[in-house]
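These notes are about the structure you will find just below.
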Amino acid sequence: DERLGELLMQRAIGALSAPEADALSQALARLPQGEVARWEAAAAELTAALAATDAETHDPLPVTLAERVISNGEAHVRPQPRSTAAPVGAPVVALPARRTSGVAAWSGWLAAAALALWVAVPREARSPDVANREAPVAVDSVALLRDSLLTRDGASERLAWTATADSTALGASGDVVWSSRAQRGVMRIAGLQANDRRRWQYQLWIFDKSRDQKYPVDGGVFDVPQGTGEVLVPIDARVPVSDAVMFAITVEPAGGVVVSTRERVALLAQRKI
Numbered sequence: 011d012e013r014l015g016e017l018l019m020q021r022a023i024g025a026l027s028a029p030e031a032d033a034l035s036q037a038l039a040r041l042p043q044g045e046v047a048r049w050e051a052a053a054a055e056l057t058a059a060l061a062a063t064d065a066e067t068h069d070p071l072p073v074t075l076a077e078r079v080i081s082n083g084e085a086h087v088r089p090q091p092r093s094t095a096a097p098v099g100a101p102v103v104a105l106p107a108r109r110t111s112g113v114a115a116w117s118g119w120l121a122a123a124a125l126a127l128w129v130a131v132p133r134e135a136r137s138p139d140v141a142n143r144e145a146p147v148a149v150d151s152v153a154l155l156r157d158s159l160l161t162r163d164g165a166s167e168r169l170a171w172t173a174t175a176d177s178t179a180l181g182a183s184g185d186v187v188w189s190s191r192a193q194r195g196v197m198r199i200a201g202l203q204a205n206d207r208r209r210w211q212y213q214l215w216i217f218d219k220s221r222d223q224k225y226p227v228d229g230g231v232f233d234v235p236q237g238t239g240e241v242l243v244p245i246d247a248r249v250p251v252s253d254a255v256m257f258a259i260t261v262e263p264a265g266g267v268v269v270s271t272r273e274r275v276a277l278l279a280q281r282k283i
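Our numbering puts the first residue of the sequence shown at 11, with every later residue one more than the last.
Set out below in structure tokens:
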């Protein structure tokens with residue numbers, strides 16, 4: 011568990027090597043689904059904290075910001091009264107654990123905050139009531155990440171989705187926020203057709219200017235549940251993306267593909283040249 015906390019912290023600051031990324035994927039795969047969602051929520055908090063601080067100066071993380079991150083981590087496991095009210099904000103589609111890597115480095119208060127988040131994680135099995143409370147936390151964390159990237163990360167871009175003629179995208183809209191510095195991003199999607207994950211899923215592709223356009227970077231497979239007007243989907247690219255010029259969402263068989271034929275493209279977001 012301690013190693014898992016360290017790996018998540020390294021991913022949040024963009025300092026995860028390829029072997030460490032594989033180790034993180036394996037560690038997350040062994041956890042119950044509820045635990046994965048909570049760990050990912052904590053990682054999103056750390057990434058948002060990083061985006062709120064100037065990575066170019068490598069200044070220590072402010073004490074107040076570190077305390078907020080630690081407090082949020084403790085709140086993930088603190089008993090709360092069960093509520094039947096719907097969570098505020100768009101529902102989050104949780105991605106499977108993905109391999110990531112980056113080039114940034116960080117230390118000091120952020121490392122301390124990550125350790126505090128690990129300490130707050132209970133070792134015993136979680137009850138159904140606790141698992142039911144995790145979805146709103148994930149919503150808040152991904153929304154926080156998106157807002158932080160938009161307002162405090164100068165390397166972030168926001169590109170609007172353009173719907174294609176594909177039947178899944180009629181009336182769909184939204185945007186994608188991506189930070190080349192943090193190597194993290196969030197998709198906001200409204201009006202995309204709900205999918206049957208047993209038969210087919212959506213898959214994100216990131217077109218990197220420095221790479222062969224025939225082989226875009228896999229940005230993750232995700233679902234759109236029934237009855238959701240808008241979803242927030244965190245982006246977790248398999249490999250570093252140096253210069254993202256276009257994002258595409260395709261319709262693929264369940265589980266996704268390694269190389270897409272692009273026969274069915276639902277949404278496109280392209281940087282204006």
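Each residue gets a CB set at the ideal place from its N, CA and C atoms; glycine is no exception.
Please state whether DSSP places residue i in a helix, a strand or coil.
i, result
"GLU262", "strand"
"SER27", "coil"
"ASP163", "coil"
"VAL251", "coil"
"ALA204", "coil"
"ALA173", "strand"
"VAL267", "coil"
"LEU18", "helix"
Thinking residue i and residue j are a contact (beta carbons under 8 Å), I'd like their distance in whole angstroms, please.
i, j, result
"SER189", "ALA200", "SER189 to ALA200, Cβ: 22 Å. No contact."
"VAL234", "TRP215", "Not quite, the Cβ-Cβ distance comes to about 17 Å (not below 8 Å), so this is no contact."
"ASP253", "LYS282", "Contact doesn't hold; Cβ gap of about 14 Å is too wide."
"PRO244", "LEU155", "7 Å"
"VAL269", "GLN213", "So it is not a contact: roughly 11 Å between Cβ atoms."
So residue i is in the beta strand (DSSP E); what residue range does that whole segment cover?
i, result
"LEU278", "275 to 280"
"ASP185", "183 to 189"
"GLY195", "194 to 200"
"VAL241", "240 to 245"
"TYR212", "210 to 218"
"SER166", "166 to 170"
"GLY237", "Taken as a continuous stretch (DSSP letters only), GLY237 belongs to no beta strand (DSSP E), as it is neither H nor E."
"VAL227", "227 to 232"
For residue i, I'd like the list of residues in its chain whose CB is within less than 6 Å of its CB, leaving aside the five on either flank, ordered along the chain.
i, result
"GLY181", "GLY201"
"GLU275", "First, the residue type needs correcting, since residue 275 is Val and not Glu in the sequence shown. Excluding positions up to five away in sequence, the list reads THR174, ALA258, THR260."
"LEU278", "THR172, ALA258"
"GLN203", "THR178"
"ARG40", "none"
"VAL231", "GLN211, GLN213, GLY266"
Using a 10 Å radius around the Cβ and a threshold of 16 neighbouring Cβ atoms, would you call residue i buried or exposed?
i, result
"GLU273", "exposed"
"VAL187", "buried"
"TYR225", "exposed"
"GLY112", "Note on GLY112: pLDDT 37, under 50, position unreliable in the model; no value is reported."
"VAL251", "buried"
"ASP10", "Given a span of 11 to 283 for the chain in the structure shown, any question on residue 10 remains unanswerable."
"GLU177", "The sequence given here places Ser at residue 177; Glu does not occur at that position. Exposed, because fewer than 16 other Cβ atoms sit within 10 Å of the Cβ of SER177."
"ARG194", "buried"
"ASP32", "exposed"
"GLN211", "buried"
"GLY237", "exposed"
"ARG198", "buried"
At a Cβ threshold of 9 Å, is residue i touching chain D?
i, result
"TRP210", "In the structure shown, chain D does not exist; there is a single protein chain."
Tell me which residues share the same chain as residue i and place their Cβ nearer than 7 Å to its Cβ, disregarding the 5 neighbours each side in the sequence.
i, result
"ASP163", "ALA61, SER189, ARG191, ALA192"
"ALA170", "ASP185, ALA279"
What residues in its chain sit with their C-beta under 8 Å from that of residue i, if we drop five residues either side in the sequence?
i, result
"ARG207", "ASP233, ALA264"
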